[in-house]
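See below for the structure under consideration.
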Amino acid sequence: MADDEVTSPDVDDAGETATVATIEVPEVSAPEAAESQVPAMTDANAALLARVTAELGEAILESGQAGVDLIIRVTPESWARAAEVCRHKLGFDYLCFISGIDWLPTPSVGGEDAESDTSAPVQPKTMTFGVAGSEGRFQVFARVSSTRVARVGLTLKVDIKESKPVVGSWCGTYPGADWHERECWEMYGFVFDGHPSLRHLYLPHEFEGFPLRKDFPLLAREVKPWPGLVNVEGMPGEPDEEEAST
Amino acid sequence: MSHLLAFDIPGGWGTTLGIKTLIVMGLIPVGALVLGYTFLLKMMSHMQSRVGPMDPGGFHGWFQLIGDGIKFIQKEDIIPAGADKRVFKMAPAIVVMSTFLMFVVLPAGPNAVVAGALHKGQGGIDVGIFYALAVSSLSVIGVLMAGWASSNKYALIGALRAAAQLIAYELPLVLAVVGVVVQAGTMNLQGIVFAQQQGKIFGWSGIGSPFILTQFVGFALFMVAAQAELTQPPFDMPVAESELVAGYMVEYTGFRFLFFFIGEFGTAFVYAGLAATLFLGGWSIPHVNGEIANWIGPIVLFVKIMLVAFLMFWARFSYPRLREDQLQALAWKWLIPISLINILVTGALKVAF
Amino acid sequence: MTSFEVDPKLYSPLADSQLNVELDTGDMILNIGPQHPATHGTLRLVVRLDGERVIKADPVIGYMHRGYEKLTEYRTYPQITTLVNRIDWLSSFANEVPFIGAAEKLMNIEATPRALYIRTILTEMARISTFLLFLGEMGLQVGAITPAFFGFRDREYTLNLIESATGGRFHPNYNRIGGLKEDLPWGWVAECRNTMKKMLDSCDEFEDLVMGNPIFQARTRGIGIIPAELGASYGVSGSNLRASGVDWDLRRDGEPLLPYNEIEWKTFTHQDGDSFARYWVRLQETRESARMILQLLEQLPAGPIMAKVPRIIKVPEGEIYVNAENPLGEMGYYIISKGATGPFRVKIRTASFSNVSILPWLLQGIYVPDVITVLASLYFILGDIDR
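Residue numbers (my numbering), protein chains in the order written: chain A, 1 to 246; chain B, 247 to 599; chain C, 600 to 986.
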């Protein structure tokens, strides 16, 4: 890790420790999002990327940075191996989460004519990908972190084929991946090869469809766009909303 | 009242029996409700800063208990579909019955004792305490019946825990009493009271000789074991609200639940009475004998019962619960050896002096 | 109960020696929950029991799944704060902070110092109110009723403060991008100072009443030990991990979101990792939070509570993960924005979800009463598991 200076807790006889909050972390330069869309990588993350590259080599397709996190995209074949490297070689002992992304543009809510009236967000109609890119619609992303080093995080992404959504499981490396992968499987339909039992986690077992995919309609909004096309009358004495905005 | 219990009543034994039965059946629920009101509602509310039970009716929440009673009576009597109906209905009655049976040997005055004929100024049956502890075990059967008949896994676990616990603590309870019996030389509760009233401490008879002074170990053991017999915290695993919801009572509603409630507090009342009688001198005040003792006896006994019950409920409201194996370990590894040593020491001293 | 389907032929050679065969007592499958007082809501635990010993435990969740990750895709940022309030409903305020923080970071807006301080105070207050409930509730699950009422009683003071500042007892919805809804009411600071002193007393009371109790110690020491390494790989975080000896607190070690480095405070770790250690750590942290609030009140800067924010909130394209130390552990939001008024995707990382995912491992081979103790000591909120 970039920084291994961890204050060792003073152990007293009772085995109970209290350490003063000393913050010994390298100063991270603030992301300069205002100047450019792609912020420059911080030194800490550059060093981390070098170490990850030394371990994974060719498996890393692309890398980037978001917030303090280093983001890397690895090949589907090396997904399970990436977890092992992270936990055993790089010291990322803490599993934050595993989840999926569907990059398909969000369908507009309440029909075309609703766009101007509802306050529901209107997302762009073109498919664009986030940091570290993507090859297709689906991605699995996971974040690991370290309990020994402050302010460090590594987000891994992997592309999932739409025709055959299979990727290796992390359960062997991070036992906590079990539930995360079950959730991801039921929400996106991604199959984790090597998972002990991909059962439904949240939804009833007879549930069909993958709710977090973008093409799965949120039926409540289809039926009644919310906050809807209702014209809310202003309070007496208040200026009209139209006038206020102009 | 005390005269009615002991004196011959014109009309023969049938009338006497009827009156005695009525009195016992009236006294137990009243005792249970008094304890419930005083400790469960008022003392607990004060200890725990509860506002609910202090509200209904205006002054100090006096209406709360009546309101609870009305609620219980109104509720539907639900019997689970898979239950063994007859056993399910009988179980609460058996639990309450054991309480009633214990009560009959408890003396409340020189003449006021329900069971046993009066002879030589000393009423009560001669194996009084033995009988009381024997019938107290009957409630196990009721509890097991309730747990089994409910066809509920929580109830079953609760009932099995209760059976294991009540039987395990029967032993320290009996052994704790043996010290008193050895010292008094009788198992008759009335005799035990007289032994304390007429006893002397190194020749001084000012306060008689309450056995709590000589048998303090026995008293502590008796209180702990009684707490376990009552399935109150820290020994409330059979009902364990946070684990087994309410254990063997989980399927009971309305009036049948009220039976269990009365059984619980009635038994607490009787155990407190037994402790008061065995260790605190029961109804007696030294040098107060004759007719007047018949009248103030019940009041004195009641005050002592409340004192002992206060200790019981104090522990109940402040202690967490032991685990089942810790409970058994406490009984077999600590209470029983200590009580055996206590008997040994008492016996040796009895022979020595 | 399960019936064991064994071929009778298997037993026939043994018919004569039947007495020597140990009677096979079938395992019992017990459903703890979804309606059970120990599960804080609707967690269901299917446990296979041998006597009272747990052979296998399988938590079943999802009875309260509300699909927040889907719902966020159809809402604007200000509307989502209403949703995130309801994730962990005991510390709603603390849920808002990382979400708002993430949006602010993406928009490159910085909240005013006063707003940040008030956020810190209210976050710590949410922590106190959550932990006070835990301190009482844990006593209740171990069997003592009184601490639960003390917990509720003392929590009321902090809830009153939160209500008087934000207008909502449970769901404040007080954060805005760039600041806060409104300033603290007049006299709030003095009242808060008094209450925090009361909280310190209250902690002492819990220390005496619950933690010092020998029965409580007998019930919790050595039960439900989470090894530090395993806990971290399960994603267990917050006080649960600190009770296993990992000195990792996102208030100090995370990306600075709130001005924690401007005050003097400590983290607490315990080497045992058992239920008792978790109670100990939370009790110390409650006390420390009260001290932190007292310091923050001293240093509370004057000034505006809102930064300059555009009228219509549009978050520029980008993605970010922002996490914070919630009372229950690490709470984080991974926000992917495509430049609209609402996020494209929000991954909500909740603490309880990962904390509870260790249960199948943790509950093996312990007794039913200890199941309840371990559940209580892990301290989860169902809304935080199910989202």
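C-beta: ideal position from N, C-alpha, C; glycine also.
- Between B:GLY328 and B:SER397, the gap from beta carbon to beta carbon is short of 8 Å.
- According to DSSP, residue pairing for C:ASP873 in a beta bridge does not occur.
- A:LYS161 is the residue among A:VAL122, A:LYS161, A:LEU154 whose C-alpha sits nearest the C-alpha of A:ARG137.
- DSSP places A:PHE141 inside the beta strand (DSSP E), whose first and last residues are 138 to 145.
- When the Cα atoms are used, A:LYS157 and A:ARG73 turn out to be separated by approximately 5 Å.
- When DSSP reads this structure, B:VAL428 sits in no beta bridge, so it has no partner.
- For C:ILE824, there is no enclosing beta strand (DSSP E), since its DSSP letter is neither H nor E.
- Distance from the Cα of B:HIS533 is smallest, within the candidate group B:GLY452, B:LEU435, B:PRO456, for B:GLY452.
- For A:GLY100, the uninterrupted beta strand (DSSP E) segment begins and ends at 94 to 102.
- For a Cβ distance threshold of 8 Å, residue set PHE748, PHE749, ARG752 of chain C lies close to B:SER295, ordered along the chain.
- Taking C:LEU849 as the centre and dropping the five residues before and after it, the same chain places the C-beta of ASN922, ALA923, GLU924, GLU929 closer than 7 Å to its C-beta, in chain order.
- Each residue's CA atom was taken as its position, placing C:ASN772 and B:LYS579 some 57 Å apart.
- A:ALA46 has a beta carbon lying at 8 Å or more from every beta carbon in chain C.
- When only Cα atoms are considered, C:GLU762 and B:TRP529 end up about 56 Å apart.
- In the DSSP assignment, C:GLY640 forms a beta bridge with C:HIS635.
- Within the segment 918 to 936 of chain C, not one residue has a Cβ closer than 7 Å to any Cβ of chain B.
- The beta-carbon separation of C:LEU629 and B:LYS399, rounded to 5 Å, stays under the 8 Å limit for a contact.
- For B:GLU489, the chain C residues whose Cβ falls inside 7 Å of its Cβ are ALA637, VAL967, PRO968, ILE971, in order along the chain.
- At a beta-carbon threshold of 8 Å, the residues of chain A lying near C:ALA939 are PRO121, VAL122, GLN123, PRO124, ordered along the chain.
- Chain C has no Cβ within less than 8 Å of the Cβ of A:SER63.
- Pairing C:TYR676 with C:ALA702 gives a Cβ-Cβ distance under 8 Å.
- Under the rule that a run must span 3 or more residues, no beta strand (DSSP E) segment is found entirely inside the segment 724 to 762 of chain C.
- At a C-beta separation below 9 Å, A:TYR188 has no neighbours in chain C, since its nearest C-beta there lies roughly 11 Å away.
- When A:TRP79, A:VAL85, A:ALA54 are compared, the shortest CA-CA separation from A:VAL166 is found for A:TRP79.
- Within chain B, not a single residue places a beta-carbon under 9 Å from that of C:GLN963; the smallest gap is close to 17 Å.
- Of the residues C:SER951, C:LYS937, C:LEU758, the one whose Cα lies closest to the Cα of A:LYS125 is C:LYS937.
- Listed along chain A are PRO211, LEU212, LEU218, each with a C-beta nearer than 7 Å to that of C:LYS669.
- According to the DSSP secondary-structure assignment, C:ASN630 is paired through a beta bridge with C:VAL645.
- Of the candidates A:ALA177, A:THR147, A:SER169, A:THR147 places its Cα closest to the Cα of C:ASP846.
- Proximity to B:GLY464 across B:LEU281, B:PRO544, B:LEU590 peaks at B:LEU590, based on C-alpha coordinates.
- Taken in chain order, the unbroken stretches of alpha helix (DSSP H) that lie wholly in the segment 43 to 92 of chain A and span 4 residues or more are 43 to 56, 79 to 84.
- Across the structure, C:PRO968 and A:LEU48 are spaced so that their CA atoms are roughly 46 Å apart.
- Neighbours of B:TYR283 in chain C, taken as residues whose beta carbon is under 8 Å from its own, are absent, since the nearest beta carbon is some 18 Å off.
- Just measuring C-alpha positions, the residue of C:GLU668, C:PHE730, C:PHE692, C:HIS869 sitting nearest C:LEU715 is C:PHE692.
- Note that the C-beta distance between B:GLU475 and B:LEU557 is not below 8 Å.
- Chain-ordered, the chain B residues with CB closer than 7 Å to the CB of C:THR745 read MET293, GLN294, PHE563, SER564.
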